[in-house]
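> Once you've had a glance at the structure underneath, I'll fire off some questions.
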Amino acid sequence: MAQLTTFAGREIWFVTGSQHLYGPEALGQVAEHARRVAERLDAAEAVPVKVRVVEVQTGPDSIRRLMLDANSDDNCVGIIAWMHTFSPAKMWIPGLGALQKPLLHLHTQFYRDLPWASIDMDFMNLHQSAHGDREFGFMETRLGLRRATVVGHWEDSSVHERIGVWVRAAAGWNAAQHLKIARFGDNMREVAVTEGDKVEAQIRWGFSVNTYPVNELVAAVAEVADSEIDALTAEYDDTYQMAEALRISGDRRGELREAARIELGLRSFLTAGGFEAFTDSFEDLGTLAQLPGIAVQRLMADGYGFGAEGDWKSSALVRIMKATAE
729 MAQLTTFAGR EIWFVTGSQH LYGPEALGQV AEHARRVAER LDAAEAVPVK
779 VRVVEVQTGP DSIRRLMLDA NSDDNCVGII AWMHTFSPAK MWIPGLGALQ
829 KPLLHLHTQF YRDLPWASID MDFMNLHQSA HGDREFGFME TRLGLRRATV
879 VGHWEDSSVH ERIGVWVRAA AGWNAAQHLK IARFGDNMRE VAVTEGDKVE
929 AQIRWGFSVN TYPVNELVAA VAEVADSEID ALTAEYDDTY QMAEALRISG
979 DRRGELREAA RIELGLRSFL TAGGFEAFTD SFEDLGTLAQ LPGIAVQRLM
1029 ADGYGFGAEG DWKSSALVRI MKATAE
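All the letters of the sequence shown, read from the start, carry residue numbers 729 to 1054 under my numbering.
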C-alpha cells in the first residue's frame, strides 16, 4: 500500500543578503559562498529536504518579489536567511512583511576562524555577518516576526541538526496548509471535546474539515472486487499472526474479508478525494458491517491522520505529526 510522503519535491530556499555598495566582484564572492553553504546544508543527513540557493538579495524590490514567489511556490516550505555582509535591514521590511512561509535566521560566518596573519580591510569588508545578522535580527524583532534563529558555524553537525528540526516543523506547517480531512458521520452525540470551530481552524492552521455521508463510503466499499480482497487478505496472512478463527479455514474468515473490503474502499475514497486524514463514529456506520479497525491502523501506519468519534482535531494533529516525523 502507498504511503503518504511529506518531503518529496519539497525545498527550503536559502536567501543571502548583501547590498550593491560592495560592487560586482565582492557580490560574486558572496554568491559563491552562499552556494557552498547551501550545498553543505543540502548534503546534511539531518536536513530532510532540498536546500536551494537563490540569487543574492541587494534591494527591497527584489526581496519583496522573492518572498511573494516563495509564498506561491507549493514546493517551498520555508526560507533560511543569512546576511553574508552588512545588508541594511529597512530594505527587508516589504519582503518580510509579505512572507507567509516559515523563516529561519542562520547567524553564521563563512570562515570558522579569522586569518589573523593576513586580515585586511578587504576581508573585513566582505565578511560582515556579525554586523549584518545583528541588523537583520533587529528588524525581525521590530516587525514582531515569528521565526527560528540558529547560531553557529554552517559546517557543524549541531547546526545541521537544529536546522533539521526547524525544517521538519516547517514541513508540518506546510502539510497543514494542504490538508483535507474527511469526516464520516458526525461527532459521537453529546460529546463536547470533539466539537470545535472548523472555520476558525482553517483560517488559522490551513486544513479543511468536511463531513461525508457514510453511505458514500459504503458505495466505495461495495465497488471493491473479490480479487482485490483475496490479495489483501493474503497480505494480512503474511504480515500478522492470525487467530485460528481468522485463517483461511476459520469460521470467522468472512469477517476478515469484510475488514479487507472496508480498508480497500476507504483507501479508494481517501485517494480519490485527496484526503490525508479522516474520522469515523461508531454511532454512524450506515450499512457497514463493522468499524474500520484494521483499516485505521494500517492507514495510520502509512501516514494518514485519524480521530475516533468525529475528533477532527486529533485527526489533523496526527497527520501533521506524521508529516514532521517521516
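A virtual CB, placed ideally from N, CA and C, is assigned to each residue, including glycine.
Between E944, E951, K908, which lies nearest to V937 when the distance is taken from Cα to Cα?
Nearest C-alpha to V937: K908.
> Report the CB separation of I791 from M811 in whole angstroms; it is logged as a contact under 8 Å.
The Cβ separation is near 12 Å, so there is no contact.
> When you compare the stretch 922 to 937 with the stretch 981 to 997, are there three or more beta-carbon pairs, one atom per stretch, that lie closer than 8 Å?
In short, these stretches do not touch, since the Cβ pair count stays below three.
> What distance in whole Å lies between the Cβ atoms of L832 and G806, which are believed to be in contact at a cut-off of 8 Å?
Right, their Cβ atoms sit about 7 Å apart.
> Could you give the first and the last residue of the continuous alpha helix (DSSP H) run that contains G756?
Where G756 is concerned, the enclosing alpha helix (DSSP H) stretches over 751 to 771.
> Rounded to whole angstroms, what's the CA-CA distance from L769 to Q785? Just pull it up for me.
When rounded, the distance between both Cα atoms is 19 Å.
> What is the C-beta distance between F912 and D1008, in whole angstroms, given that I count them as a contact (C-beta under 8 Å)?
The Cβ separation is near 5 Å, so the contact holds.
> What residue does the beta strand (DSSP E) around I909 start on, and which one ends it?
Taken as a continuous stretch (DSSP letters only), the beta strand (DSSP E) holding I909 covers 908 to 912.
> If W882 and L842 are in contact, beta carbons under 8 Å, what's the gap, nearest whole angstrom?
The pair is not a contact, with the Cβ atoms about 16 Å apart (cut-off 8 Å).
> For the ligand SAM, is there any heavy atom lying closer than 7 Å to the beta carbon of L974?
The ligand content of the structure shown is nil, which means the ligand SAM is not present either.
> Please state if the CB of I808 and the CB of V777 are separated by a distance shorter than 8 Å.
In this structure, I808 does not lie closer than 8 Å to V777 by Cβ.
> I need the DSSP call for V784, collapsed to helix, strand or coil.
Of the three classes helix, strand and coil, the one that applies to V784 here is coil, per DSSP.
> Counting along the chain, where does the beta strand (DSSP E) carrying N938 start and finish?
Looking at the DSSP string, the run of the beta strand (DSSP E) that includes N938 is 936 to 940.
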